[in-house]
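Enquirer:
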Amino acid sequence: MKRHHQHRAPAQLPKFRRPKLAESTKLEAKLVHHDLLQTIAQGGATFAVLLDWMETGTTYSRMMWLLQQDGEPLTEEAAQAVNAQLELYEPVCARWARWGKVQLTQPELEIARQAAQVFDQLLEIDRNGIAVEAAHWSMKEMLKFRQIRPG
72 MKRHHQHRAP
82 AQLPKFRRPK
92 LAESTKLEAK
102 LVHHDLLQTI
112 AQGGATFAVL
122 LDWMETGTTY
132 SRMMWLLQQD
142 GEPLTEEAAQ
152 AVNAQLELYE
162 PVCARWARWG
172 KVQLTQPELE
182 IARQAAQVFD
192 QLLEIDRNGI
202 AVEAAHWSMK
212 EMLKFRQIRP
222 G
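Using this note's numbering, you'd call the opening residue of the sequence shown number 72 and step up by one each time.
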């Protein structure tokens, strides 16, 4: 006789017991995002790099939202910088679809650099596992985009 087993998701720790990011993880996250931005700025970005850049921005956007929900006061300027980067995704993807190239205009590059500074600051104020939660959420959201095949 076969038994039906229910698989339960592992219980989450209470938020106050969830660990902060390790300093090495923070540094790696910063380097990855800045490297993606530099690759795009230099004109060597592929579609995969574009998607990775979008995913990191989506992660930090979610992280900002979660921090605000957790009571962290964040500046209006920080929110504007993050939202401005999110608004870049559509025109940059449209250019990629039209020309097969990933590139930012000079004003777009400045927006992305300002957002990257905010992202670095968000990593420093991470708490209660918020960065990890945001990353998992972002990966799920970006899954549909990653299934698009270039060309």
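Note that CB positions come from ideal geometry on N, CA and C, so glycine has one too.
Note that the structure is a prediction, hence the values are computed from the model and not measured.
Could you pull the start and end residues of the alpha helix (DSSP H) that ARG198 belongs to?
Expert: Start at 1 with the first residue of the sequence shown, and residue 198 comes out as number 127. Run containing ARG198: none; DSSP gives neither H nor E here.
Enquirer: Quick check: what's the CA-CA separation for LEU108 versus TRP167?
Expert: Position 37 of the sequence shown, counting from 1, holds the residue named residue 108. Position 96 of the sequence shown, counting from 1, holds the residue named residue 167. Those two C-alpha atoms are separated by around 16 angstroms.
Enquirer: Note the first and the last residue of the continuous alpha helix (DSSP H) segment covering GLU143.
Expert: On the sequence shown, position 72 is the one that residue 143 refers to. Run containing GLU143: none; DSSP gives neither H nor E here.
Enquirer: When the Cβ atoms of the region 133–147 are set against those of the region 156–167, are three or more pairs found closer than 8 angstroms?
Expert: Too few Cβ pairs lie closer than 8 angstroms, so no.
Enquirer: Buried or exposed: where does ASP229 fall if 16 or more other Cβ atoms within 10 Å of its Cβ makes it buried?
Expert: Outside the modelled stretch of the chain, which goes from 72 to 222, sits residue 229, for which no answer is possible.
Enquirer: Rounding to the nearest angstrom, what Cα-Cα distance links ALA152 and VAL189 in this structure?
Expert: Taking the sequence shown and counting its residues from 1, the one referred to as residue 152 is at position 81. Taking the sequence shown and counting its residues from 1, the one referred to as residue 189 is at position 118. Spanning the two alpha carbons is a distance of roughly 7 angstroms.
Enquirer: Look up VAL163 in the DSSP assignment and say whether it is helix, strand or coil.
Expert: Mapped onto the sequence shown, residue 163 falls at position 92. DSSP places VAL163 in helix when its eight states are reduced to three.
Enquirer: Skipping 5 residues on each side, what residues in its chain have a beta carbon closer than 7 angstroms to that of LEU92?
Expert: As a position in the sequence shown, residue 92 is number 21, starting the count at 1. So the qualifying residues of the chain are LEU194, ASP197, ALA202.
Enquirer: Looking at the structure shown, is PRO178 part of a helix, part of a strand, or coil, going by DSSP?
Expert: Reading the sequence shown from its first residue, position 107 is the one you call residue 178. Here PRO178 sits in helix by DSSP.
Enquirer: Leaving out five residues before and five after ALA186 in sequence, what residues of the same chain have Cβ atoms less than 8 angstroms from its Cβ?
Expert: The residue given as residue 186 occupies position 115 in the sequence shown. So the list reads GLY128, TYR131, ALA152, VAL153, ALA155, GLN156, once near-sequence residues are dropped.
Enquirer: By the 10 Å Cβ neighbour count, where 16 or more other Cβ atoms means buried, how is HIS207 classified, buried or exposed?
Expert: Position 136 of the sequence shown holds residue 207. The residue in question, HIS207, is exposed, as its Cβ has fewer than 16 Cβ neighbours within 10 Å.
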